[in-house]
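Everything on this sheet refers to the single structure shown next.
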């Protein structure tokens with residue numbers, strides 16, 4: 361196959377539009393037992409697997425944590441000859457999927473979209489924005505839900521930072537459980553984690569294990585993420601986010617700062633991050649569909665990226681479906697992930713984001729009264745076509761009837777014409793109004 365050049369617009373910083381060029385050349389191949397086919401040309405290494413290509417150029421130094429610069433990433437991780445016996449599970453228990461399709465809500469969403477297509481003179485069935493609406497009013501039961509193209513995986517830009525946040529809390533849970541189970545102390549905790557847990561973390565995500573990365577990209581940077589102190593009452597240490605990492609989490613979610621997001625991604629590591637999403641039921645490895653983050657929001661200038669195929673933008677490093685995003689936020693809102701304290705911390709960050717400098721997209725339409733959106737994370741980034749795409753996940757409190765609460769995720773709003781924020785808001789309001797009638 362002849363060489364071709366692929367130029368990708370910067371998908372990871374919504375305020376810039378620089379391009380990153382990468383060479384794809386399959387003329388010279390070397391077969392690797394762990395990865396299948398991979399090639400090396402100049403400063404580019406490409407992994408070819410059935411569903412994605414990961415390509416990186418030479419890396420630039422700097423970032424969080426710092427590491428030596430090498431010309432090429434390492435080969436993919438092969439199966440461990442004698443995998444260690446883990447003292448604890450890598451990830452939290454998988455939560456039950458609380459979303460239950462509700463025929464009345466489905467019909468209301470279908471009717472609202474059909475009306476919008478008619479109003480905008482669109483061909484029936486061509487409305488491009490995907491939706492998932494979840495009624496979380498009763499936090500103790502399964503949640504009535506409805507979706508439109510809700511299992512389509514798209515590039516979702518900064519909205520994917522919600523998935524990064526969850527993975528950081530899952531990692532904190534793992535480190536706390538390891539400290540309690542192993543009896544590690546503040547002097548040896550990180551070394552014991554690296555020795556006992558990292559080999560399995562490097563293998564936790566099939567795509568990451570098969571990609572051409574160094575281990576530092578796959579495993580957590582424990583010393584950068586956590587602060588450890590001696591403790592009493594039967595525990596040798598207490599584990600918390602370090603002040604720097606806690607600040608990065610806040611910066612990533614509330615003002616959606618990309619530098620802070622990069623610190624969070626590099627702190628958790630691609631292997632644990634995507635392993636946690638798969639283990640939690642938010643990504644399906646067999647189809648490469650769902651929430652995926654294997655890029656540090658630094659335009660490929662710090663860490664290499666591992667991309668999956670999206671419907672709206674080809675190969676991307678930050679992707680998701682509305683169903684998986686809505687499910688994640690619904691679980692956070694109702695204390696069904698990790699533990700109530702962790703859920704509250706995540707909810708509080710999303711609440712501050714709703715009131716921060718990034719005003720929710722739907723709130724800008726002024727279709728709902730002020731304050732209806734109580735928790736939020738929006739996304740904005742350029743597609744390879746050059747157009748901007750927007751997405752959002754929000755919690756709506758009393759949007760129509762008093763006392764009702766919904767999680768709504770939508771994505772793939774390309775540009776603002778002929779469809780804009782008012783159209784999205786009207787679909788949501790019309791759907792909920794008919795459903796509650």
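In the working numbering, the protein residues as written are 361 to 797. Yeah, the Cβ is synthetic: ideal placement off N, Cα and C, and Gly gets one too. The structure presented is a predicted model; accordingly, all values stated were derived computationally and were not measured.
Beta-carbon proximity of residue i to residue j, cut-off 8 Å
{"i": "residue 458", "j": "residue 696", "result": "yes"}
{"i": "residue 657", "j": "residue 650", "result": "no"}
{"i": "residue 678", "j": "residue 490", "result": "no"}
{"i": "residue 302", "j": "residue 524", "result": "No answer is possible for residue 302: it lies beyond the span of the chain, which begins at 361 and ends at 797."}
{"i": "residue 508", "j": "residue 469", "result": "yes"}
{"i": "residue 578", "j": "residue 631", "result": "yes"}
{"i": "residue 694", "j": "residue 551", "result": "no"}
{"i": "residue 536", "j": "residue 446", "result": "no"}
{"i": "residue 465", "j": "residue 504", "result": "yes"}
Residue environment, residue i, which counts as buried when at least 16 other CB atoms sit within 10 Å
{"i": "residue 603", "result": "exposed"}
{"i": "residue 626", "result": "buried"}
{"i": "residue 502", "result": "exposed"}
{"i": "residue 527", "result": "buried"}
{"i": "residue 717", "result": "exposed"}
{"i": "residue 789", "result": "buried"}
{"i": "residue 646", "result": "exposed"}
{"i": "residue 701", "result": "exposed"}
{"i": "residue 521", "result": "buried"}
{"i": "residue 463", "result": "exposed"}
{"i": "residue 659", "result": "buried"}
{"i": "residue 580", "result": "buried"}
{"i": "residue 456", "result": "exposed"}
{"i": "residue 428", "result": "Low local confidence applies: a pLDDT of 33 at residue 428 is under 50, so the model's placement there is unreliable, and no value is given."}
{"i": "residue 532", "result": "buried"}
{"i": "residue 791", "result": "buried"}
{"i": "residue 412", "result": "Low confidence applies here, because residue 412 scores a pLDDT of 32, under 50, leaving its location unreliable; read the following figure in that light. Buried, by the Cβ-count rule."}
{"i": "residue 681", "result": "buried"}
{"i": "residue 492", "result": "buried"}
{"i": "residue 424", "result": "For residue 424, the predicted model reports a pLDDT of 36, less than 50, meaning its position is unreliable and no value from the coordinates is stated."}
Pick from the options that is closest to residue i, judged by C-alpha positions
{"i": "residue 756", "options": "780, 776 and 731", "result": "731"}
{"i": "residue 599", "options": "558, 636 and 549", "result": "549"}
{"i": "residue 497", "options": "703, 714, 759 and 491", "result": "759"}
{"i": "residue 506", "options": "471, 639, 475 and 481", "result": "471"}
{"i": "residue 576", "options": "613, 662 and 738", "result": "662"}
{"i": "residue 727", "options": "669, 781, 797 and 557", "result": "781"}
{"i": "residue 574", "options": "586, 588, 587 and 559", "result": "559"}
{"i": "residue 623", "options": "743, 779 and 582", "result": "582"}
Residue i versus residue j: straight-line alpha-carbon distance, rounded
{"i": "residue 610", "j": "residue 637", "result": "20 Å"}
{"i": "residue 448", "j": "residue 542", "result": "9 Å"}
{"i": "residue 629", "j": "residue 584", "result": "11 Å"}
{"i": "residue 704", "j": "residue 691", "result": "11 Å"}
{"i": "residue 571", "j": "residue 461", "result": "36 Å"}
{"i": "residue 485", "j": "residue 473", "result": "9 Å"}
{"i": "residue 487", "j": "residue 451", "result": "38 Å"}
{"i": "residue 453", "j": "residue 777", "result": "43 Å"}
{"i": "residue 783", "j": "residue 664", "result": "37 Å"}
{"i": "residue 561", "j": "residue 699", "result": "22 Å"}
{"i": "residue 766", "j": "residue 479", "result": "26 Å"}
{"i": "residue 518", "j": "residue 793", "result": "30 Å"}
{"i": "residue 774", "j": "residue 722", "result": "15 Å"}
{"i": "residue 713", "j": "residue 768", "result": "16 Å"}
{"i": "residue 563", "j": "residue 534", "result": "16 Å"}
{"i": "residue 740", "j": "residue 615", "result": "13 Å"}
{"i": "residue 494", "j": "residue 467", "result": "14 Å"}
{"i": "residue 708", "j": "residue 667", "result": "30 Å"}
{"i": "residue 590", "j": "residue 719", "result": "42 Å"}
{"i": "residue 786", "j": "residue 481", "result": "16 Å"}
{"i": "residue 596", "j": "residue 539", "result": "8 Å"}
{"i": "residue 483", "j": "residue 510", "result": "20 Å"}
{"i": "residue 601", "j": "residue 477", "result": "47 Å"}
{"i": "residue 802", "j": "residue 607", "result": "Because the chain in this structure spans residues 361 to 797, residue 802 falls outside the shown range and cannot be described."}
{"i": "residue 588", "j": "residue 605", "result": "13 Å"}
{"i": "residue 764", "j": "residue 729", "result": "14 Å"}
{"i": "residue 475", "j": "residue 795", "result": "15 Å"}
{"i": "residue 633", "j": "residue 751", "result": "21 Å"}
{"i": "residue 648", "j": "residue 743", "result": "20 Å"}
{"i": "residue 618", "j": "residue 612", "result": "6 Å"}
{"i": "residue 715", "j": "residue 639", "result": "31 Å"}
{"i": "residue 652", "j": "residue 586", "result": "24 Å"}
Should the segment 716-734 be called in touch with the segment 685-693, which here means at least 3 C-beta pairs below 8 Å?
Look at the beta carbons and you see the segment 716-734 not touching the segment 685-693: under three pairs across the two are nearer than 8 Å.
Count the C-beta pairs between the segment 672-679 and the segment 513-520 that are closer than 8 Å, then say yes if the count reaches three, no if not.
With a cut-off of 8 Å, the segment 513-520 and the segment 672-679 count as touching, because enough Cβ pairs lie within range.
Between the segment 539-547 and the segment 560-570, do three or more beta carbon pairs fall short of 8 Å?
No: the two stretches stay apart, fewer than three of their Cβ pairs being nearer than 8 Å.
Counting pairs of Cβ atoms below 8 Å between the segment 760-768 and the segment 741-750, do you hit three or more?
With a cut-off of 8 Å, the segment 741-750 and the segment 760-768 do not count as touching, because too few Cβ pairs lie within range.
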